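What follows is one structure encoded as C-alpha cells, with my remarks underneath.
Protein chains in written order, with the numbering used here: chain A, -2 to 464; chain B, -2 to 464.
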C-alpha cells in the first residue's frame, strides 16, 4: 500500500463512505480492502494502480448522480470501470479514489429493428448485446478480443475495435447518443436516436475514447446493422512478411472489402501451434487470414486468393465451410494467450500505420526484437494497418522486463515515424501518456486539456489518464 | 446597408484592409462593395446577412494564418465560406466581417488507393473530388444535392449528407483528419491518416458540423471506399403516404441495405411533372424510389419490391437498365427546383425523425400545411428518416411569407416531438439557433458554448451562428 493510501486509512475515509452510503444501498458500497483491491486495475502491464477508498456498484442513474455529487463535494477522484479488460491502465484506481463500477447497470433497454438501434446501460457485456440483437436479425459489429466479458461502457470509453473493423468500423461509428453524468452530478444527453443529425458540436463522439475523463456514461443509443451472411474464411501462407504485406496492398487497392483480414507472423503461428496443437504451417513466415460474408463468399475469396498467389503466397487454402472457417479464426483468437505462454507474459502494443507501411513496420519490429534480444510476436488487423506487437518477457526477470519496456517505446516511435498513431483501438490510459503528447503536439495537447476542463473543472474524473 | 456598416464605412476600414494586404496578394483582398455584396450570404431563406468589410481569397495556409492573426489583433469577425450553397445561413456575413473564402484553395493533394484516402484543400468542389477518385476506382460517397458546386470544406463545416447516406453514411464518417488554423493563427492538426485511431479526444469530429465557429479548416484527409457496382433503381407508387411509410419500415426491418431510398410526396411528384414533363404517375399519393448497387441489384430490388407490394403499392416499376435508373433519380434531383417553381420560392426544412415515425411526421406536415394554408411538398431520404418539407410561398406576398415562417417553426416542433432532430444534414447556422437551444437543453447548450470558448476565446469565428 502506498504512503498516501496508508495516511488516508489512518485519517479514515468515514466522511466519504458515510456520504456515499447516504444515496446508495449498503451492498453497493464496497470498502473491504481485500475486495476493493480486486478492482484496482485493468489488464495493462507496466501501469501502477493504487488502493481505492471505495468501490461503488450503482444500479440507477440517480445513484450515479449521487456518487458524482459526493465526489465533487469532497474533491475525491472517480475512476469509472467496466470489466477491467482494458490494456492501457485507463481503469486503474488512484489511491483514495472512488471506483465507479458499472457492472450492475447491465440492462438492454430496447432493441428496435425498424430504426436499427439498441438502447443499453453501460455495464451490458458486449457478447450479451451481440447475441440479443442477433436474435432479432441484427448485428452489433464491434468485437474486441475480450468480447465475451468486456462491457459496452468500457468499449465506449476506450473506442474499441476488433476483427470486424476492416468492413464494419469501430465502436465510435455505432454510438448515436449518450446519457452522461457530469462530475458535478448534472445529466447531459448527447446525440440522437435518428440515423442522421448535425445539431451542434458532436459531443457524443467527444465522449467515445475519452476513457472516463470527462464524465460517466450511464446510457447509450447504439446503431445496429442487419445480420451479415455466413462468413467464409481463407488462409494464405507466405514465404516472407514482405510478400504478405504486398498481398494486403494488392487486396485493398483492388477494391476488396473482406469482413476480416488478419496477419499472424511466424512467431505467433508457432506459439499458437505450441499452445493449441492446431497444426498451422510451421514453415510459414507470415499467415494471412481473410474472410467474406457476402452472398457469394467463395467467389470473392477466390479473387482475393488469386491476389495472394500473385504476391507470392506458397499456399492458399480456402475453408470448405463455416466449421473450417471457425477453426481458422480460432487460431487467430488464440494468438494472445499463445504468445503469453511463450515467456510468462506479454506486453501488447497497438500501433496503427497506413496499410502501405505495414511491411516497413514489420521490418522495424524485427529490428527492435533483435536490438533488445526479445521475442516479439505480431498480429495485425491487416485491413486496417492496426498492429499488435506482443513483446514476450518473464516478469520475474528484471533485465528482460527492462528491455521489454524499452522495446515498447521503440515500437511506438517506429509507428509515429511511419505516419501512424500510437493507438488504434486500446487507448492511452496510463501506458501511453507521454506518447500521446508526442502524437498530438503542443497545440493539440493544450486544447485537449482545456476541453477536459470544460467538463471536469475540478479534475476529479479519472485524473492522470490520457495526459 | 445597416447603420453599423455605414458607420464602419465612414470611419474607414483602412487599418484592416492595410493589415490584410500586408500578407496577401492584392488580388486576394476584395473590397469593392458590389463585389463583396455577392459574398454576403448562402442560399438560406429568412436569414439576415450584413456587409463584409472585405472578402479574402487565400491560396496558402500561411495566408490563412495571416488573415486569422489580423482578425485577432483587430478583433474583427471572420466568416469562413465555401461555395455558399448552404441552407442555414451559416456562411452569411456580418457587417464589417472578413469573409474568408476558400474557393481558391482547391487542390486535390493526394489520392492513395492502397490506404483509400484523399488529401484535399477545403475549396475542392465535391464533384471534382468524386470524379477524380472515381478515375482511380475509388468512391467518395457524400453527395449533397449541390454536389456539382459545393466544396468539401463547406461539406465538412455543415456535416453534409445526400442521397447515398442510407448505405454509405454522411460526411463526418469520411473525415479522418484535419488541418485547422485557429483564430489566433496557430495551426492545429487533428486525427490521422490511418484507418483506425483513438489517440485522445476526437477533435476531428468536433470540427465536422461546427460551421466555421471554432477555426478555419485548411486541409482534410478523407476516407474513400472502393467504387460500388452500377446502381439499378425501382419506383413504387402508393395510394397513401401511410402505405409508403409502412413499406419503408418493412424494408428496413427486413435487413435491406439499398444504396438509395427516397420518398416523394404527391405535391412533389406533381411539381416535378409540371417542371420537367417527366410523366411520373399523377395519381400517386407517394412515390418511393429505391436503388441497389450490389452484384445482383435486380434480385435485391425484386425482394424490396415485393415488400412494397405487400405494403399496398399499386405499382412497382423496376428500371430495366442504368439509363432508366438515371431517369428515376433525375426526377428526385429535380424535386427542389420543381417545388421552387410552384410559388416563387421555397423554404426547405431538414428534420430527421426515427424511420418508424415517418408516417406520423408526414401526417403532421399535412396538418401544418392545412393550418397555414400553404403548399408543402416533402421529399424524404426515407432510409434515414431525414425529411425535407419544402414550404412553397411567394416572397412578395407578406402574409404568405409570414405563414411560411410560422409553418417552419411548427415543423421543427413536430420533429422534436417525434423524437427527431432539427437538422439531419443542413446545419443550424442562423436559421435554427433558437431550435438548437431547445434540442440541446440548457446543460448541452452551456457545454457547447464553453467548448467554443476553448478554441475561440475572443468570439471572432463566425459569431452568432449555432448559438
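All residues carry an ideal CB built from backbone N, CA and C; glycine is no exception. Because the structure is a prediction, the values reported are computed rather than measured.
Against chain A, the CB of residue 383 of chain B has a partner CB under 8 Å away; the residue lies at that interface.
Out of B:36, B:240, B:210, the CA that lies nearest to the CA of residue 100 of chain B is found in B:36. Taking C-beta atoms under 8 Å as the contact rule, residue 451 of chain A and residue 448 of chain B qualify, at a distance of about 6 Å. Only residues of its own chain outside the window of five on either side were considered, and among them 373 have a CB closer than 6 Å to the CB of residue 366 of chain A, listed in chain order. DSSP lists B:349 as the bridge partner or partners of residue 418 of chain B. The Cβ-Cβ distance between residue 156 of chain A and residue 167 of chain A falls below 8 Å. Neighbourhood of residue 246 of chain B in chain A, by CB distance below 8 Å: 111, in chain order. Taking C-beta separations shorter than 8 Å and ignoring five residues to either side along the sequence, residue 128 of chain B has no partners in its chain.
Within its own chain, the residues whose Cβ lies closer than 8 Å to the Cβ of residue 434 of chain B, once the five positions on either side in sequence are excluded, are 442, 464, listed in chain order.
Under the Cβ criterion of 8 Å, residue 249 of chain A is counted among the residues facing chain B. Here the alpha carbon of residue 379 of chain B sits roughly 17 Å from the alpha carbon of residue 290 of chain B. The DSSP-derived three-state label of residue 387 of chain A is strand. Only exposed fits residue 227 of chain A, as fewer than 16 other CB atoms lie within 10 angstroms of its CB. Residues are counted here when their Cβ sits less than 7 Å from a Cβ of chain A; for the region 411 to 436 of chain B these are 416, 417, 418, 419, 420, 421, 422, 424, 425, 433, 436, given in chain order. Between residue 420 of chain B and residue 169 of chain A, the CB-CB gap reaches or exceeds 8 Å.
A straight-line Cα-Cα distance of about 55 Å links residue 65 of chain B and residue 300 of chain B. Taking 9 Å as the Cβ-Cβ cut-off, the region 444 to 460 of chain B approaches chain A at 444, 445, 447, 448, 449, 450, 451, 452, given in chain order. Per DSSP, residue 11 of chain A is one residue of the alpha helix (DSSP H) stretching across 11 to 18. For the C-beta of residue 191 of chain B, the chain A residues within less than 8 Å are, from N- to C-terminus, 349, 350, 351, 381, 382, 383, 416, 417, 418, 421.
When secondary structure is reduced to three states using DSSP, residue 452 of chain A falls in the helix class.
C-alpha of residue 455 of chain A to C-alpha of residue 327 of chain A: approximately 46 Å in a straight line. Residue pairing of residue 186 of chain A in beta bridges, as defined by DSSP: A:176.
DSSP places residue 98 of chain B inside the beta strand (DSSP E), whose first and last residues are 95 to 98. Beta-bridge analysis with DSSP links residue 262 of chain B to B:283. A straight line joining the alpha-carbon of residue 112 of chain B with that of residue 188 of chain A spans about 30 Å. Non-local C-beta neighbours of residue 233 of chain A in its own chain, meaning closer than 6 Å and more than five positions away in sequence, comprise 285, 305, 310, 313, ordered along the chain. Taking the Cβ atoms as the reference, residue 458 of chain B lies roughly 6 Å from residue 209 of chain B, within the contact range of under 8 Å.
Contact with chain A is found for residue 170 of chain B, since one of that chain's Cβ atoms lies less than 8 Å from the residue's Cβ. Between residue 149 of chain A and residue 121 of chain A, the beta carbon gap of about 5 Å places them in contact (Cβ cut-off 8 Å).
Restricted to the region 90 to 153 of chain B, the beta strand (DSSP E) segments that are unbroken, complete and at least 3 residues in length are 95 to 98, 105 to 109, 114 to 117, listed in chain order. Residues of chain B with a Cβ closer than 8 Å to the Cβ of residue 155 of chain A are, in chain order, 195. If you check each beta-carbon in the region 177 to 191 of chain B against every beta-carbon of chain A, the ones closer than 8 Å belong to 179, 183, 184, 185, 186, 187, 189, 190, 191.
One alpha carbon belongs to residue 68 of chain A, the other to residue 180 of chain A, and they sit about 8 Å apart. Taking C-alpha positions only, residue 213 of chain B is separated from residue 116 of chain B by approximately 16 Å.
In the DSSP secondary-structure assignment, residue 376 of chain A is bridged to A:261, A:385.
Sequence-distant Cβ neighbours of residue 224 of chain B in its own chain, meaning closer than 7 Å and more than five residues away, are 131, 134, 135, 136.
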